[in-house]
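**Q** Just so we're aligned, residue 1 is where the sequence shown starts under full-length UniProt numbering, counting upward by one.
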Amino acid sequence: MALPPPSSDAQAASDALVAQIRQQIQDQGGWISFARFMETALYAPRLGYYAGGAHKFGAAGDFVTAPELTPLFAYALANQVAQGMALSAPQVLEAGGGSGRLAADLLLALEARGAVPETYAILEVSGELAARQHATIAAAAPHLLPRVQWLDRLPETWRGVVLGNEVLDAMPVQLAHWTAHGVEERGVALAADGRFVFADRPASPSLASAAARVGSDYRIAPGHLSEINLAAEAWMGEWGRRLEAGLVLLLDYGFPGREYYHPDRTGGTLMCHYRHHAHPDPFYLPGLQDITAHVDFTAMAEAAYNGGLDVLGYTSQAGFLYDCGLLDGLNALPADSTARIKATSAVHKLTSPAEMGELFKVLACGRGLAAPLLGFAHHDRLAAL
1 MALPPPSSDA QAASDALVAQ IRQQIQDQGG WISFARFMET ALYAPRLGYY
51 AGGAHKFGAA GDFVTAPELT PLFAYALANQ VAQGMALSAP QVLEAGGGSG
101 RLAADLLLAL EARGAVPETY AILEVSGELA ARQHATIAAA APHLLPRVQW
151 LDRLPETWRG VVLGNEVLDA MPVQLAHWTA HGVEERGVAL AADGRFVFAD
201 RPASPSLASA AARVGSDYRI APGHLSEINL AAEAWMGEWG RRLEAGLVLL
251 LDYGFPGREY YHPDRTGGTL MCHYRHHAHP DPFYLPGLQD ITAHVDFTAM
301 AEAAYNGGLD VLGYTSQAGF LYDCGLLDGL NALPADSTAR IKATSAVHKL
351 TSPAEMGELF KVLACGRGLA APLLGFAHHD RLAAL
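(1) Using the beta-carbon count (16 or more within 10 Å), is Glu-238 buried or exposed?
(2) Can you look up Glu-124 in the DSSP assignment and give me helix, strand or coil?
(3) Please identify the residue among Ala-86, Ser-8, Ala-74, Ala-78 whose C-alpha is closest to the C-alpha of Arg-101.
(4) Taking the alpha helix (DSSP H) that Ala-16 belongs to, which residues open and close that run?
(5) Taking Tyr-49 as part of the beta strand (DSSP E), name the residues at either end of that continuous run.
(6) Since I believe Leu-250 is in contact with Leu-326 (beta carbons under 8 Å), could you give me their beta-carbon distance rounded to a whole number of angstroms?
(7) Identify the continuous beta strand (DSSP E) that holds Tyr-274 and give its terminal residues.
(8) Which value, in whole angstroms, describes the spacing of the CA atoms of Ser-226 and Ala-335?
(9) So, do the stretch 5-12 and the stretch 152-172 have three or more beta carbon pairs nearer to each other than 8 Å?
(10) Given Pro-6, which residues of its chain have a CB within under 8 Å of its CB, disregarding the five upstream and five downstream residues?
(11) Are the stretch 123-134 and the stretch 180-189 touching by the rule of at least three beta carbon pairs closer than 8 Å?
(12) Quick one: is Asp-152 buried, meaning 16 or more other Cβ sit within 10 Å of its Cβ, or exposed?
(13) Does DSSP put Tyr-261 in a helix, in a strand, or in coil?
(14) Helix, strand or coil for Glu-227 per DSSP?
(15) Ignoring anything shorter than 3 residues or poking outside the stretch 281-305, list the beta strand (DSSP E) runs there in chain order.
(16) Arg-213 to Asn-306, Cα distance in whole Å?
(17) Quick check: what's the CA-CA separation for Ala-2 versus Phe-283?
(18) Contact between the stretch 130-142 and the stretch 338-348 is defined here as three or more beta-carbon pairs at a separation below 8 Å; is this criterion met?
(19) Return the first residue and the last residue of the alpha helix (DSSP H) that His-348 is part of.
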């Protein structure tokens, strides 16, 4: 597939990032882990994909997330967030705020329910994205902007709701290669001409231990290559230490472990997104494309549980949005109006099994919540984990 060429400025930025990664590889003796490569490609100051100035979200970017499709996503989500705050504290922390569209729509939806949070914190490592989020919220909900604060690290403690929409998939993953001689880690080296190439080395102790557990649980045969997201597992575990009371709600694309490591999925789930084209080459234009991996939701639930949190619900995005009243919001729009027609198309994409409805899942964990969560009332799949 021929991908659209970048502008000269974008190409120059990518070339600068390539030089930086090459230097890292040389400094480390000719090899770095794929997690290190992915972290640099996505988050290197000024040059990484999420730290640079290019549009990422929406029609002008590289992919479209659920909040960009319709405000009805936030309308439905607000019902679960409001319940979570009512059971804990009137605060929301959104991890990875994207364009700011979800924050703006969610604040307005919560205000309409009389449940506007006292604090809406956005955990954002990219200064460029934080500025865009500020502009989006200022344009859509200026009267609520004083309630919003930006964080560049996890708070020491938190009470309320923690929300992450497509956050886990962008955390750097390690690549495990199960061989007849044991587990190897697939990393990145340099070819003679300076190109990035994959290269295997014996797995580090932490990856070897995790891969041995996964290999035993799912009977992985030699030749299988897949991702293990130790960073995301650690992030989940941190909330077990920091969350005093409240709800951690995560929406992302992925599978339970037995599907993630299915024998037919021998090459893993790594995928890249560039100008609405999906492709598997992580070495293409570093800094100008997104690099993602699907989420192993069994591993995320186990990490939360091992961190001391309760695992409260797991379901498809479609089931969650239906239980949260998505169709009520759709039906409230005037029949045959342009808004209704547009919203109907967006709702189809959010819920159709052939679109986002089944591939995207929702995981809820928490501490000190005394009531069942409404988003999992009729479609809970906890037993599938």
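The C-beta atom is built at its ideal place from N, Cα and C for all residues, glycine as well. Note that the structure is a prediction, hence the values are computed from the model and not measured.
**A** According to the structure data:
(1) As a first step, residue 238 must be located in the sequence shown, where it is residue number 238. Label assigned to Glu-238: exposed.
(2) Residue mapping note: residue 124 aligns to position 124 of the sequence shown, counting from 1. It is coil, neither helix nor strand.
(3) Indexing the sequence shown from 1 puts residue 101 at position 101. Closest by alpha carbon: Ala-74.
(4) Indexing the sequence shown from 1 puts residue 16 at position 16. Counting along the chain, the alpha helix (DSSP H) containing Ala-16 begins and ends at 8-27.
(5) In the sequence shown, counting from the first residue as 1, residue 49 sits at position 49. Note, Tyr-49: premise wrong, no beta strand (DSSP E); not H, not E.
(6) What you label residue 326 is simply residue 326 of the sequence shown in a count that begins at 1. What you label residue 250 is simply residue 250 of the sequence shown in a count that begins at 1. Contact flag wrong, Cβ pair sits at about 18 Å.
(7) Working through the sequence shown from its first residue, we reach residue 274 at position 274. Looking at the DSSP string, the run of the beta strand (DSSP E) that includes Tyr-274 is 271-274.
(8) Translated into positions along the sequence shown, residue 226 becomes position 226. Translated into positions along the sequence shown, residue 335 becomes position 335. Between Ser-226 and Ala-335, the C-alpha separation is close to 47 Å.
(9) no
(10) Position 6 of the sequence shown, counted from the first residue, corresponds to residue 6. Excluding positions up to five away in sequence, the list reads Ser-14, Leu-285, Leu-288.
(11) no
(12) What you label residue 152 is simply residue 152 of the sequence shown in a count that begins at 1. The residue is exposed, with fewer than 16 neighbouring Cβ atoms inside 10 Å.
(13) Here residue 261 refers to the residue found at position 261 when the sequence shown is read from its first residue. Under the three-state reduction of DSSP output, Tyr-261 falls in the coil class, being neither helix nor strand.
(14) Walking along the sequence shown from the start, residue 227 turns up at place 227. Glu-227 falls in the strand class under three-state DSSP.
(15) Scanning the stretch 281-305 for uninterrupted beta strand (DSSP E) segments of 3 residues or longer gives 290-292, listed from N- to C-terminal end.
(16) The count along the sequence shown starts at 1 and reaches residue 213 at position 213. The count along the sequence shown starts at 1 and reaches residue 306 at position 306. For Arg-213 and Asn-306, the distance between alpha carbons rounds to 15 Å.
(17) The residue labelled residue 2 in the question sits at position 2 within the sequence shown. The residue labelled residue 283 in the question sits at position 283 within the sequence shown. The straight-line gap from Cα to Cα measures roughly 15 Å.
(18) no
(19) Indexing the sequence shown from 1 puts residue 348 at position 348. DSSP places His-348 inside the alpha helix (DSSP H), whose first and last residues are 338-351.
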